[in-house]
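> Numbering (this note's numbering), first residue to last: 24 to 384. Cβ atoms here follow ideal geometry from the backbone N, Cα and C, with glycine treated the same way.
(1) Can the beta-carbon of residue 198 be found less than 8 Å from the beta-carbon of residue 334?
(2) Curious, which full-length beta strand (DSSP E) runs of at least 3 residues does the stretch 279-342 contain?
(3) Sorted by chain position, which residues of the same chain lie with C-beta nearer than 7 Å to residue 284's C-beta, five sequence neighbours on each side aside?
(4) Just to check my reading of the structure: residue 353 and residue 141 have Cβ atoms closer than 8 Å, yes? What is that Cβ distance to the nearest angstrom?
(5) Which same chain residues end up closer than 6 Å to residue 210 when comparing Cβ atoms and leaving out the 5 residues on each side of it in sequence?
(6) Could you check which residue in 367, 307 and 339 has the C-alpha nearest to that of residue 226?
(7) For residue 153, collect the residues of the same chain with a Cβ closer than 7 Å to its Cβ; drop the 5 residues on either side in sequence, then sort them by chain order.
(8) So what's residue 180 in DSSP terms, helix, strand or just coil?
(9) Would you kindly check if the distance between the Cβ of residue 160 and the Cβ of residue 193 is under 8 Å?
(10) Would you call the CB atoms of residue 350 and residue 251 closer than 8 Å?
(11) Please classify residue 209: does DSSP put it in a helix, a strand, or coil?
(12) Nearest to residue 246 by CA position, among 359, 218, 337 and 331, is which residue?
(13) Please classify residue 254: does DSSP put it in a helix, a strand, or coil?
(14) Give the straight-line distance between the Cα atoms of residue 205 and residue 267, rounded to the nearest whole angstrom.
(15) Tell me where the beta strand (DSSP E) around residue 187 begins and ends.
(16) With a cut-off of 8 Å on the beta carbons, I'd call residue 363 and residue 231 a contact; round off their distance for me.
(17) Taking only the alpha-carbon atoms, compute the straight-line gap between residue 348 and residue 372 and give it to the nearest angstrom.
(18) Once the 5 residues before and after residue 65 are set aside, which same chain residues still bring their CB inside 6 Å of it?
(19) Name the DSSP bridge partner or partners of residue 197?
(20) Quick check on the DSSP output: the beta strand (DSSP E) that includes residue 42 runs from which residue to which?
(21) Locate the beta strand (DSSP E) running through residue 238, then write down its first and last residues.
(22) Could you give the residue range of the beta strand (DSSP E) that holds residue 347?
(23) Since residue 312 and residue 305 should fall inside the 8 Å C-beta cutoff, what is the C-beta to C-beta distance between them, to a whole number of angstroms?
(24) I need the straight-line Cα distance from residue 336 to residue 286, nearest angstrom please.
(25) Run through DSSP, which three-state label would residue 202 get?
(26) When you compare each of 69, 52 and 147 to residue 109 by their alpha carbons, which one comes out closest?
(27) Can you tell which of 236, 222, 257 and 145 has the C-alpha that lies nearest to the C-alpha of residue 269?
(28) Suppose the cutoff is 6 Å on Cβ atoms and the five residues either side in sequence are ignored; what does the same chain contact list for residue 370 look like?
(29) Residue 386: which of 195, 299, 212 and 132 sits nearest, CA to CA?
(30) Could you pull the start and end residues of the alpha helix (DSSP H) that residue 146 belongs to?
(31) How far does the alpha helix (DSSP H) with residue 364 in it reach, from first residue to last?
(32) Name the residue from 46, 129 and 187 whose alpha carbon lies nearest to the alpha carbon of residue 213.
(33) Are the Cβ atoms of residue 208 and residue 346 separated by less than 8 Å?
(34) Pick from 292, 89 and 49: whose alpha carbon is nearest that of residue 176?
(35) Considering only the beta carbon of each residue, do residue 273 and residue 244 sit closer than 8 Å?
(36) Tell me residue 59's beta-bridge partners as DSSP assigns them.
Written out as structure tokens, the structure reads:
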């Protein structure tokens, strides 16, 4: 098992099972924010690598050490440890924050294509920053970005989330009908074992932060490399306890009639999208419609009879390693009901009453 912890108390781990013989030699290799692990037993000369790396995202300085614990509170662990060695190059000095600093190199970045009509937001990460101003359609300002690392792959900058679990939101909470999409490429470090890794990416729509009352949204998710779902979620009050409802699910292996389908580490860029129009939610995978559901407002008592009709967008990852790119939001025009039905969260597929047109809503 490999474990690390941060000063704030956050932890992550990866675990594999195998038969060992003693003595055991263990080795860790950290490059960037990825840690590779290996071991060898007895007098073996061959190192056995953990199949998947461990993502590490923490500010320095970094410390190494030795720890042991028993699998039973009633049993003691005894062992001899020796030859702890650290090899590497760093720039940490006392009084610094511990981050390695390198001379910046001139970087080639591809120019973004023209913005499509009715675009509310397009985030290509080409500027390499989540918070720079001023805010524009192509330069959105993320409210509280967490665990972000921008990488450049052949001139294309992407957001790399390497086992860094977080959810991040961006956009305008007044948005009503739109389609939000994002490009995803799961890295080879993803562990396809569903018992050890969820490999989940969520794409949020109609996210609302409501003071005192909490927040709410819809999201489409891809998980385990071949399953998708549309969910409805609400956080109530300050306790931040998630109350959710699964509206629809699909198994892509069954849908595509491919029992081996798996998008983890396949070297391909996939597109996931969620269309929210009135009270109809439609999910797409690589441009193909895979799910559609109408939210009638009926749900369990925890969320209540409510339809979420406007809000911003967001992305979340859980136990996965993925490259994120081209987050796009396109406005959808409701020629029949306009945004009136979204404002009152009802009157779907009905014309705007004449008397309403005399008032500004």
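Reading off the structure:
(1) By one-based count along the chain shown, residue 198 stands at place 175. By one-based count along the chain shown, residue 334 stands at place 311. Closer than 8 Å, so yes.
(2) 293-300, 303-308, 311-317 and 335-341
(3) In the chain shown, the residue the question calls residue 284 occupies position 261. Cβ neighbours of residue 284 beyond the five flanking positions: 249, 275 and 276.
(4) Here residue 353 corresponds to residue number 330 of the chain shown, with the count starting at 1. Here residue 141 corresponds to residue number 118 of the chain shown, with the count starting at 1. Confirmed, about 6 Å.
(5) Within the chain shown, residue 210 is the residue found at index 187, counting from 1. So the list reads 344, once near-sequence residues are dropped.
(6) Looking up residue 226 in the chain shown gives position 203. Nearest C-alpha to residue 226: 339.
(7) In the chain shown, counting from the first residue as 1, residue 153 sits at position 130. Excluding sequence neighbours, residue 153 sits near 165, 168 and 171.
(8) As a working note, residue 180 is residue 157 in the chain shown. Three-state DSSP puts residue 180 in a strand.
(9) As a working note, residue 193 is residue 170 in the chain shown. As a working note, residue 160 is residue 137 in the chain shown. Contact flag unset, no.
(10) Taking the chain shown and counting its residues from 1, one reaches residue 350 at position 327. Taking the chain shown and counting its residues from 1, one reaches residue 251 at position 228. The answer is no: Cβ separation not under 8 Å.
(11) Within the chain shown, residue 209 is the residue found at index 186, counting from 1. Looking at residue 209 - three-state DSSP - the assignment turns out to be strand.
(12) Translated into the one-based positions of the chain shown, residue 246 becomes position 223. The option with the nearest alpha carbon to residue 246 is 218.
(13) Translated into the one-based positions of the chain shown, residue 254 becomes position 231. Reduced to three states, the DSSP call for residue 254 is strand.
(14) The residue given as residue 205 occupies position 182 in the chain shown. The residue given as residue 267 occupies position 244 in the chain shown. The straight-line gap from Cα to Cα measures roughly 23 Å.
(15) On the chain shown, residue 187 is found 164 positions in, with the first residue counted as 1. Residue 187 -> no beta strand (DSSP E), and no H or E assigned at all.
(16) Taking the first residue of the chain shown as 1, we reach residue 363 at position 340. Taking the first residue of the chain shown as 1, we reach residue 231 at position 208. At roughly 18 Å, the Cβ-Cβ gap does not stay under 8 Å, so residue 363 and residue 231 are not in contact.
(17) Locating residue 348 in the chain shown gives position 325, counting from the first residue. Locating residue 372 in the chain shown gives position 349, counting from the first residue. Approximately 34 Å between the Cα atoms of the pair.
(18) As a first step, residue 65 must be located in the chain shown, where it is residue number 42. Around residue 65: 44.
(19) Locating residue 197 in the chain shown gives position 174, counting from the first residue. Answer is none; residue 197 lacks a bridge partner.
(20) Within the chain shown, the letter at position 19 stands for residue 42. It is not in any beta strand (DSSP E) - residue 42 carries neither H nor E in the DSSP assignment.
(21) The residue you call residue 238 lines up with position 215 of the chain shown. Element bounds for residue 238: 237-246.
(22) For the purposes of this step, residue 347 is identified with residue 324 of the chain shown, where counting begins at 1. Looking at the DSSP string, the run of the beta strand (DSSP E) that includes residue 347 is 344-354.
(23) One-based indexing of the chain shown puts residue 312 at position 289. One-based indexing of the chain shown puts residue 305 at position 282. The pair is a contact, with the Cβ atoms about 6 Å apart (cut-off 8 Å).
(24) Numbered from its first residue, the chain shown carries residue 336 at position 313. Numbered from its first residue, the chain shown carries residue 286 at position 263. Cα to Cα, residue 336 sits roughly 23 Å from residue 286.
(25) On the chain shown, residue 202 is found 179 positions in, with the first residue counted as 1. Residue state, collapsed to three classes: strand.
(26) Locating residue 109 in the chain shown gives position 86, counting from the first residue. Residue 52 is the option with its Cα nearest to residue 109.
(27) Position 246 of the chain shown, counting from 1, holds the residue named residue 269. Taking only the C-alpha atoms, the option nearest residue 269 is 257.
(28) Within the chain shown, residue 370 is the residue found at index 347, counting from 1. Cβ neighbours of residue 370 beyond the five flanking positions: 364.
(29) One cannot answer for residue 386 here, as it falls past the ends of the chain, which runs 24 to 384.
(30) What you label residue 146 is simply residue 123 of the chain shown in a count that begins at 1. No alpha helix (DSSP H) contains residue 146, which is instead part of the beta strand (DSSP E) from 142-146.
(31) If you number the chain shown from 1, residue 364 lands on position 341. Note, residue 364: alpha helix (DSSP H), 363-367.
(32) As a first step, residue 213 is located in the chain shown; it is residue number 190 there, counting from the start. Looking at the Cα atoms, 187 is the closest of the given residues.
(33) Within the chain shown, the letter at position 185 stands for residue 208. Within the chain shown, the letter at position 323 stands for residue 346. Yes, the pair counts as a contact, with Cβ atoms nearer than the cut-off.
(34) Mapped onto the chain shown, residue 176 falls at position 153. It is 292.
(35) Position 250 of the chain shown, counted from the first residue, corresponds to residue 273. Position 221 of the chain shown, counted from the first residue, corresponds to residue 244. No, the Cβ-Cβ distance between residue 273 and residue 244 is not below 8 Å.
(36) On the chain shown, position 36 is the one that residue 59 refers to. Beta-bridge pairing links residue 59 to 52.
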